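Chemist: Below you will find the structure I want to go over with you.
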Amino acid sequence: MNSILKNAVVVPAGQGDAIGFLTWNSLSNMLITPDDLKQKLIDSGLGEGWMPNAIRLPDAFRRATSEKFKREMSPGVYENYMFREVASTSSFVQRNLVCETVDTKGRRLNYIPDVGSLVLDRKTEKVDASYISSMAQQLVSNAALQFDIFRNNYGSTTLRTVITNALKSMSPTPVRPSGGVYFVPAQFDGNLDALIRFIVSLEKGEAEKVPVMNTLDMKNMVTRKLMDHLRSTLAACENGVENQLKKNDLKAILEDAKNVVSNFKDYESIVTGNLQEMEAYVALIRKRVAEALANMAD
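Residue numbers (this note's numbering): 103 to 400.
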C-alpha cells in the first residue's frame, strides 16, 4: 500500500486533472438491522437499490449453528462439538449437535450424533431445543440466542457483499495482487464518494480515496494494472472451465468476466500505448465467456 501511494501523484482537493482514484476500505465484524442499513444507504446517496435480500429464517438458523467447539477431556483426548443438518422440509429444519471424541492423531474414539438438537418451525418461526448434557445445553442455548440475533440483523459478510457489488459498478481495477486497493476512473467520482460515505457511516467501517494526477507515470501504472487484470480474468475463465467447477462457482467467474469486458470502455481514454493487445484479450475473454455459457446450457 505504501509503495503505491509513494508513486502516486496526489491532486489537492478541487485542483488539477485527476484520471481517477485509488480507493480501499475495511470492515470489522458487526451487526446492523435492515431498517438501519436501508437508512444508511439512502443517507449516503448510494440508494436503497443496494439493499441485500431479506434475511431468510433458515439462513439465520444455519448461521447461528455454524460454530464449532473443542475442549480437552484428558491429556491427548479431545471432544469436538458441531451442528449437522439432519432434516429440512417445508415445515421445519433440524440440526443436531454432534460430539466426537478424538486423540491427538485425529483418530475417532467415540461419536454421538445427537447430544443436542435445535428444530426451527418454519410456520411459527420458533426454535425448540433439546440436550443430554450440561455442555450440550450450553452450546444449544447459545445457538438459540444467536438465532434471535441473526434473524434480525445482517452481518459483516453481507455488508462486504453490498460494498463489493457497489464498487464493481464503478469499473474498478485491482492495483495490488492481493486485492484490497483499486483504481476507479474519474467519471465515477460521485458514486465513489457515496460508497465511502456509506462505509464510514457503519460502526466498524473505514474507507479512503486518493485522487491520481493525469501524468504519464500514473497512466502507465493504470495500463499495467488493467493488463494484469485482463490476463488474470482470462486465466480464471479458462481454469474454471478446465477444472469443471460447480455451476454456481463458474457462473460467478463468468459474471465477473463480463463486467471486465463491459468496463474496458471506461479505460480507453486513460491507457497508454497500443490498445491492440488489450483489445485482443477483451475479445478472447468475450469468446471464452460465450463458449462457457453455451456449454452450461447444453
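Backbone N, C-alpha and C fix where the C-beta goes; we use that ideal spot for every residue, glycine too. Here the structure is a predicted model, which is why all the values come from computation and not from measurement.
For the structure I just gave you, are there three or more beta carbon pairs, one from the region 141–149 and one from the region 230–243, closer than 8 Å?
Modeler: The region 141–149 vs the region 230–243: no contact.
Chemist: With a threshold of 16 other CB atoms inside 10 Å of the CB of Asn198, please say whether the residue is buried or exposed.
Modeler: Buried, since its Cβ has 16 or more Cβ neighbours within 10 Å.
Chemist: Run through the DSSP bridge pairs and tell me what Cys201 is partnered with.
Modeler: According to DSSP, Cys201 bridges with Tyr183, Ile214.
Chemist: For Glu174, which beta-bridge partners are listed by DSSP?
Modeler: Paired residues: Tyr180.
Chemist: Are at least three pairs of beta-carbons, each pair with one atom in the region 276–296 and one in the region 240–255, less than 8 Å apart?
Modeler: Output reads no: the region 240–255 does not touch the region 276–296.
Chemist: Exposed or buried, what is Val195 when buried is set at 16 or more other beta-carbons lying within 10 Å of its beta-carbon?
Modeler: Answer is buried; the Cβ neighbour count reaches 16.
Chemist: Let me confirm a value: Ala296 is counted as buried when at least 16 other C-beta atoms fall within 10 Å, else exposed. Which label applies?
Modeler: Buried, since its Cβ has 16 or more Cβ neighbours within 10 Å.
Chemist: As a quick exercise: from Ala245, Thr325, Ala354, Asp137, pick the residue whose alpha carbon is nearest that of Gln378.
Modeler: Closest by alpha carbon: Thr325.
Chemist: Using C-beta distances below 6 Å, list every residue in its chain close to Ala385, excluding the 5 sequence neighbours before and after it, in chain order.
Modeler: Result list for Ala385: empty, nothing under 6 Å.
Chemist: What number of angstroms, rounded off, separates the C-alpha of Lys170 from the C-alpha of Leu241?
Modeler: Between Lys170 and Leu241, the C-alpha separation is close to 9 Å.
Chemist: Where does Lys389 land, buried or exposed, given buried means 16+ other C-beta within 10 angstroms?
Modeler: It is exposed - the Cβ of Lys389 has fewer than 16 other Cβ atoms within 10 Å.
Chemist: Note down the Cα distance separating Ile121 from Met320, rounded to an integer number of angstroms.
Modeler: The alpha-carbon atoms of Ile121 and Met320 are separated by roughly 9 Å.
Chemist: In angstroms, rounded to a whole number, what distance separates the CA positions of Val362 and Met329?
Modeler: Cα to Cα, the separation comes out at about 11 Å.
Chemist: By Cβ distance below 8 Å, which residues in the same chain neighbour Ser192 in space, the five residues on each side in sequence not counted?
Modeler: The residues are Arg224.
Chemist: Skipping 5 residues on each side, what residues in its chain have a beta carbon closer than 6 Å to that of Gly307?
Modeler: Counting only Cβ-Cβ distances below 6 Å, and skipping sequence neighbours, we find Leu129, Ile301.
Chemist: In the region 122–161, which residue ranges form an unbroken alpha helix (DSSP H) of at least 4 residues, counting only runs that do not cross its ends?
Modeler: Here the runs fully enclosed are 136–146.
Chemist: In three-state DSSP terms, what is Gln346?
Modeler: Looking at Gln346 - three-state DSSP - the assignment turns out to be coil, as it is neither helix nor strand.
Chemist: Got a sec, what are the start and stop residues for the alpha helix (DSSP H) Ser303 sits in?
Modeler: 291–303 is the extent of the alpha helix (DSSP H) around Ser303.
Chemist: Check each candidate in Leu336, Val312, Phe285, Ser243 and name the one with the smallest Cα separation from Ile372.
Modeler: Of the candidates Leu336, Val312, Phe285, Ser243, the one whose C-alpha sits nearest the C-alpha of Ile372 is Phe285.
Chemist: With 16 as the cutoff for other CB atoms within 10 Å, does Met323 come out buried or exposed?
Modeler: Label assigned to Met323: buried.
Chemist: If contact is defined by three or more beta carbon pairs under 8 Å, each pair taking one atom from either stretch, is the region 155–164 in contact with the region 199–215?
Modeler: With a cut-off of 8 Å, the region 155–164 and the region 199–215 do not count as touching, because too few Cβ pairs lie within range.
Chemist: Whose CA, out of Phe366, Ile265, Val217, Leu124, lies closest to the CA of Leu139?
Modeler: Considering only alpha carbons, the answer is Ile265.
Chemist: How is Lys228 classed by DSSP in three states: helix, strand or coil?
Modeler: DSSP places Lys228 in strand when its eight states are reduced to three.
Chemist: What's the C-alpha gap between Ala338 and Ser273?
Modeler: Going from the Cα of Ala338 to the Cα of Ser273 covers about 18 Å.
Chemist: Measuring alpha carbon to alpha carbon, tell me which of Glu187, Glu340, Asn350 ends up nearest Glu393.
Modeler: The shortest C-alpha separation from Glu393 is found at Glu340.
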